[in-house]
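S.K.:
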Amino acid sequence: MLTRNCLSLLLWVLFDGGLLTPLHTQPQEILEAQPREDVVPVPGRRSSAQRVKRGWVWNQFFVLEEYMGSEPQYVGKLHSDLDKGVGSVKYTLSGDGAGTVFTIDETTGDIHAIRSLDREEKPFYTLRAQAVDVDTKKPLEPESEFIIKVQDINDNEPKFLDGPYVASVPEMSPVGVIRTALPNMDREVKEQYQVLIQAKDMGGQLGGLAGTTTVNITLTDVNDNPPRFPKSIFHLKVPETSHIGSAIGRIRAVDPDFGKNAEIEYNIVPGDGGNLFDITTDEYTQEGVIKLKKPLDFETKKAYTFKVEASNLHLDHRFHSVGPFKDTATVKINVLDMDEPPVFSKPMYTMEVYEDTPVGTIIGAVTAQDLDAGSSAVRYFMDWKNDVDSYFTIDATEGTIATNELLDRESTAQYNFSIIASKVSNPLLTSKVNVIINVLDVNEFPPEISVPYETSVCENAKPGQVIQTITAADKDLSPAGQRFSFKLSSEASNKPNFTVHDYRNNTAGIETRRNGYSRRQQELYFLPIVIEDSSYPVQSSTNTLTIRVCRCDSDGTIQSCNVEAIFLPVGLSTGALIAILLCIVILLVIVVLYVALRRQKKKDTLMTSKEDIRDNVIHYDDEGGGEEDTQAFDIGALRNPKVIEDNKIRRDIKPDTLRFTRHRPPAEDNTDIRDFINQRLQENDVDPSAPPYDSLATYAYEGNGSVAESLSSIDSLTTEADQDYDYLSDWGPRFKILADMFGEESYNPDKVT
């Protein structure tokens, strides 16, 4: 029994005491079941001397493994101080196994395990509890986390399954923390120890079984060594042209510890020159990196000396008595002289010039100086970028800036350009500065009415009525307090129609001066207004305001401004006006009808009657009568107007005289139809009786080979009297019209219908 107790104690010290850690991750320690008001410090562990008051109370954190009961195993009870037992609090459970392994009564807070657990499978469960108000659903207590630990039963023989075990022991640990620990163990001397452990199970049916394993105990490092500088003085050389923020040197302190215990923090001790530099720690090399905070100037100061302190970033309070965990070294920085560009006396130059300044006037100057030991002369020139820079010039030696062109503030109010200064000894070393020139305004434009106003006055206006409020605008840059004054011109001030009332706030009102205005007498009034500004020299302009007389109702609402019957007698009623307008409309209709009839009559005069065969085109499906059919149409439309123009006979109406007899030569055999038509065209061109209006002449020509033989006049006899057309009545109804035309009576073209 004594051997068993000693073995259990040893295992508890190695495992549960945190001195021996298996290769797999061990769960963290659970909270105690009952909350305590006072906490007593335990040596070797983190403790707190504060009083803790909890709003949560629970009775158990343990549950037996391999529980075989018929009812769910009771685990514990959650309770809030705000729960008065009236069912107003609801408890919820979340986390490992919530709902599957453990359940909670929402009203009482009782926790039960609903299935059998195995401590070797899972030794503990981490859960979170929450108490909320049933009505508002709002949390009454902050969410609390707790651990339910599975209590072990002796159902397994002891085995070292994860051997070899690795344990860590802080170096410099006092004797007695571990029975195998040697006094004054130092990790820097020896890092690892090896221990053989035997375990034997004295209970249960398998009592007496034992196992052995080897434990490798590694000493963990503690921060028991201060950092040390290998030398007391560090010398650095820095060019004066170094940029701000650049690293200008590194120093290093040595700490024999490892890991985070070897992390070092560097600080500059306040003193001579330390405010120009800064130091940071390189997290990879643990070196101190010195950086430049302000620019250096060899001509101002050639050397700087300050101290740097190196200290441990993570201090172990157990070793305060060993000594201060920091060290100090001196840093001396020598500034190296470099050939630098000239320096302007100002970071930026601002100048002013009036817009009417004559060309060549000097408006300012820039100054640059070579601050190196061997001072060199400086030359100035403009940094040309655009055409705007041509408005100014700079003297290369003196740096004076003068106008090169006339300036106009209304066109460009500000000029922004750069001046470059270079050393004569080394032209490549240059510096640049911005120059801003503000163009000042000169009062050169008179004020004018800001917008075109459409002003009207009622016919029934009363004296003193304000009919328009006007404002003025000035193209010049109006200074603060600029005031415009308004007044009538001298020629308008004597007329009793309107007046201008200056409100003395850069506005004015147009007021009536008489009772009533008449559109019949005067529809428009032109009011000249003089506007002056208050700048120097004073500028003024005369602006004409047009005022229209309008008809208004009794409330002053404008109804019409158009001219309407202003010359009618006074007292003419609306009915009379309507009657007059109606008469005018009727007269216009009569005139339109008369003109239309005249045009129609003239048109009928030009056209022939229905008996005129020249306008009568007969459409039929019978076969034509050959040459005789051509006599029914006039081919005067084919005439030549230039030939007829020589004849002074009037041609706009049908001539009363009979048409001249046309002597047509007999057509020769096989005469081409083209020659036939040309012949007829020539006849009509020289016919003085042909009317000027269009007519249609149809020339039908049938070639040889017809069953009825040729009907063309080309093959006919030379005279019409020799022809006999009685046979046409025997050819059927298709030739009835021809039979009637060329039957017993001789053919007369004027009688053809």
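To get the numbering used here, take the position in the sequence shown, counting from 1, and add 7. Glycine is no exception: its CB is placed at the ideal position from the N, C-alpha and C atoms.
#1: What are the boundary residues of the beta strand (DSSP E) that includes Lys244?
#2: May I have the straight-line CA-CA distance separating Arg741 from Asp747, to the nearest angstrom?
#3: Please report how far the alpha carbon of Pro470 lies from the alpha carbon of Thr581, in whole angstroms.
#4: When the Cα atoms are used, what is the spatial distance from Thr553 to Leu531?
#5: What do you reckon, are the CB atoms on Val315 and Ile258 nearer than 8 Å?
#6: Using a threshold of 8 Å, state whether the C-beta atoms of Ile118 and Val108 are closer than that.
#7: Just tell me which of Asn161, Ala260 and Gln475 has its CA closest to the CA of Lys333.
#8: Following the continuous alpha helix (DSSP H) through Asn691, name the residue where it begins and the one where it ends.
#9: Answer with buried or exposed for Asn569, where buried requires no fewer than 16 other C-beta atoms within 10 angstroms of its C-beta.
#10: Anyone know if the C-beta pair for Ser87 and Glu148 falls short of 8 Å?
#11: Quick one, which of Ile426, Asp415 and Glu417 has its alpha-carbon nearest Thr357's?
#12: Please state whether DSSP places Arg490 in a helix, a strand or coil.
#13: Quick check on Gly846: does DSSP put it in helix, strand or coil?
#14: Can you check the segment 73 to 148 for any alpha helix (DSSP H) of at least 4 residues that lies completely inside it and give the ranges in chain order?
#15: Are Ser770 and Pro354 touching if we call contact CB-CB under 8 Å?
#16: Starting from Leu343, trace the alpha helix (DSSP H) in both directions and tell me its first and last residue.
#17: For Leu299, which option in Pro237, Asp540 and Ile340 has the closest C-alpha, if you only look at C-alpha atoms?
#18: Under the three-state reduction of DSSP, which class applies to Arg416: helix, strand or coil?
#19: Determine the DSSP secondary structure at Asp323, reduced to helix, strand or coil.
#20: Is it the case that the segment 457 to 471 contacts the segment 520 to 538, given that we only count it when at least three CB pairs across the two stretches are under 8 Å?
#21: To the nearest angstrom, how far is it from the Cα of Phe505 to the Cα of Glu451?
#22: Taking the straight line between their C-alpha atoms, what separation do you get for Asp156 and Asp103?
#23: When you compare only the Cα positions, how much space is there between Gly92 and Phe265?
#24: Once you ignore the five residues that flank Thr364 on each side, which residues in its own chain have a CB closer than 6 Å to its CB?
#25: Using the three-state DSSP reduction, which class does Asn441 fall into: helix, strand or coil?
#26: Can you grab the Cα-Cα spacing for the pair Phe640 / Tyr601, in whole Å?
#27: Taking the C-alpha atoms as reference points, what is the distance between Thr115 and Tyr98?
#28: Excluding the 5 residues flanking Asp344 on each side, which residues of the same chain have their C-beta closer than 6 Å to its C-beta?
#29: Measuring CA to CA, which of Pro459, Ser418 and Ile297 is closest to His250?
#30: Starting from the Cα of Ile271, find the closest Cα among Lys144, Gly256, Thr292 and Ile111 and give me that residue.
#31: Taking the straight line between their C-alpha atoms, what separation do you get for Ala138 and Asp262?
#32: Flag this pair as yes or no: are the beta carbons of Gly295 and Ala317 separated by less than 8 Å?
#33: Can you tell me where the beta strand (DSSP E) with Ile536 in it begins and where it stops?
#34: Between Ile538 and Ser418, what straight-line distance do the alpha-carbon atoms span, to the nearest angstrom?
M.R.: According to the structure shown:
#1: As a position in the sequence shown, residue 244 is number 237, starting the count at 1. Note, Lys244: beta strand (DSSP E), Ile240 to Pro246.
#2: Stepping through the sequence shown from its first residue, residue 741 is reached at position 734. Stepping through the sequence shown from its first residue, residue 747 is reached at position 740. Here the alpha carbon of Arg741 sits roughly 12 Å from the alpha carbon of Asp747.
#3: Counting from one through the sequence shown, the residue named residue 470 turns up at place 463. Counting from one through the sequence shown, the residue named residue 581 turns up at place 574. Rounded to whole angstroms, Pro470 to Thr581 spans 30 Å at the Cα level.
#4: For the purposes of this step, residue 553 is taken as residue 546 along the sequence shown, with counting starting at 1. For the purposes of this step, residue 531 is taken as residue 524 along the sequence shown, with counting starting at 1. Roughly 7 Å between the two C-alpha positions.
#5: Taking the first residue of the sequence shown as 1, we reach residue 315 at position 308. Taking the first residue of the sequence shown as 1, we reach residue 258 at position 251. With respect to the 8 Å criterion, Val315 and Ile258 are classified as neighbours on the basis of their beta carbons.
#6: Within the sequence shown, numbered from 1, the residue matching residue 118 stands at position 111. Within the sequence shown, numbered from 1, the residue matching residue 108 stands at position 101. No, the Cβ-Cβ distance between Ile118 and Val108 is not below 8 Å.
#7: Along the sequence shown, read from residue 1 onward, the residue named residue 333 stands at position 326. For Lys333, the nearest C-alpha among the options comes from Ala260.
#8: To locate residue 691, count along the sequence shown from 1; it is residue 684. That run of the alpha helix (DSSP H) goes Ile680 to Asp692.
#9: Taking the sequence shown and counting its residues from 1, one reaches residue 569 at position 562. Around the beta carbon of Asn569, fewer than 16 other beta carbons sit within 10 angstroms, so the residue counts as exposed.
#10: The residue labelled residue 87 in the question sits at position 80 within the sequence shown. The residue labelled residue 148 in the question sits at position 141 within the sequence shown. In contact: Ser87 and Glu148 (Cβ atoms closer than 8 Å).
#11: Stepping through the sequence shown from its first residue, residue 357 is reached at position 350. Nearest C-alpha to Thr357: Ile426.
#12: Counted from its first residue, the sequence shown places residue 490 at position 483. Three-state DSSP puts Arg490 in coil, outside helix and strand.
#13: Given that the chain is displayed from residue 8 to residue 760, the structure contains no residue 846 and the question cannot be resolved.
#14: Within the segment 73 to 148, no complete alpha helix (DSSP H) segment of 4 residues or longer occurs.
#15: This structure cannot speak to residue 770, because the chain is shown only from 8 to 760.
#16: Position 336 of the sequence shown, counted from the first residue, corresponds to residue 343. Premise fails: Leu343 lies in the beta strand (DSSP E), Lys333 to Leu343, not in any alpha helix (DSSP H).
#17: Mapped onto the sequence shown, residue 299 falls at position 292. Closest by alpha carbon: Ile340.
#18: Counted from its first residue, the sequence shown places residue 416 at position 409. For Arg416, the three-state secondary structure derived from DSSP is coil.
#19: Residue mapping note: residue 323 aligns to position 316 of the sequence shown, counting from 1. Looking at Asp323 - three-state DSSP - the assignment turns out to be coil, as it is neither helix nor strand.
#20: Because the criterion of three Cβ pairs below 8 Å is met, the segment 520 to 538 and the segment 457 to 471 touch.
#21: In the sequence shown, residue 505 corresponds to position 498, counting from 1. In the sequence shown, residue 451 corresponds to position 444, counting from 1. Taking the straight line joining both Cα atoms gives about 30 Å.
#22: Counting from 1 along the sequence shown, the entry for residue 156 is found at position 149. Counting from 1 along the sequence shown, the entry for residue 103 is found at position 96. In the sequence under discussion, the amino acid at residue 156 is Lys, which differs from the Asp named in the question. Near 12 Å, if we compare the C-alpha coordinates of Asp103 and Lys156.
#23: Position 85 of the sequence shown holds residue 92. Position 258 of the sequence shown holds residue 265. Answer to the nearest angstrom: the Cα atoms are 57 Å apart.
#24: Taking the first residue of the sequence shown as position 1, residue 364 is located at position 357. Cβ neighbours of Thr364 beyond the five flanking positions: Thr410.
#25: Residue numbering aside, residue 441 sits at position 434 when the sequence shown is read from its first letter. In the structure shown, the three-state DSSP call for Asn441 is strand.
#26: The count along the sequence shown starts at 1 and reaches residue 640 at position 633. The count along the sequence shown starts at 1 and reaches residue 601 at position 594. With a pLDDT of only 49 at Phe640, under the threshold of 50, the placement of this residue in the model should not be trusted, and no figure is reported.
#27: Position 108 of the sequence shown, counted from the first residue, corresponds to residue 115. Position 91 of the sequence shown, counted from the first residue, corresponds to residue 98. For Thr115 and Tyr98, the distance between alpha carbons rounds to 8 Å.
#28: On the sequence shown, residue 344 is found 337 positions in, with the first residue counted as 1. If we look at Asp344 and ignore the five residues flanking it on each side, its Cβ neighbours are Phe305.
#29: Position 243 of the sequence shown holds residue 250. Answer by Cα proximity: Ile297.
#30: Residue numbering aside, residue 271 sits at position 264 when the sequence shown is read from its first letter. Considering only alpha carbons, the answer is Thr292.
#31: Here residue 138 refers to the residue found at position 131 when the sequence shown is read from its first residue. Here residue 262 refers to the residue found at position 255 when the sequence shown is read from its first residue. C-alpha separation (whole angstroms): 52 Å.
#32: As a position in the sequence shown, residue 295 is number 288, starting the count at 1. As a position in the sequence shown, residue 317 is number 310, starting the count at 1. Using a Cβ distance threshold of 8 Å, Gly295 and Ala317 count as a contacting pair.
#33: For the purposes of this step, residue 536 is taken as the residue at position 529 of the sequence shown. Note, Ile536: beta strand (DSSP E), Leu531 to Glu539.
#34: Counted from its first residue, the sequence shown places residue 538 at position 531. Counted from its first residue, the sequence shown places residue 418 at position 411. Approximately 24 Å between the Cα atoms of the pair.
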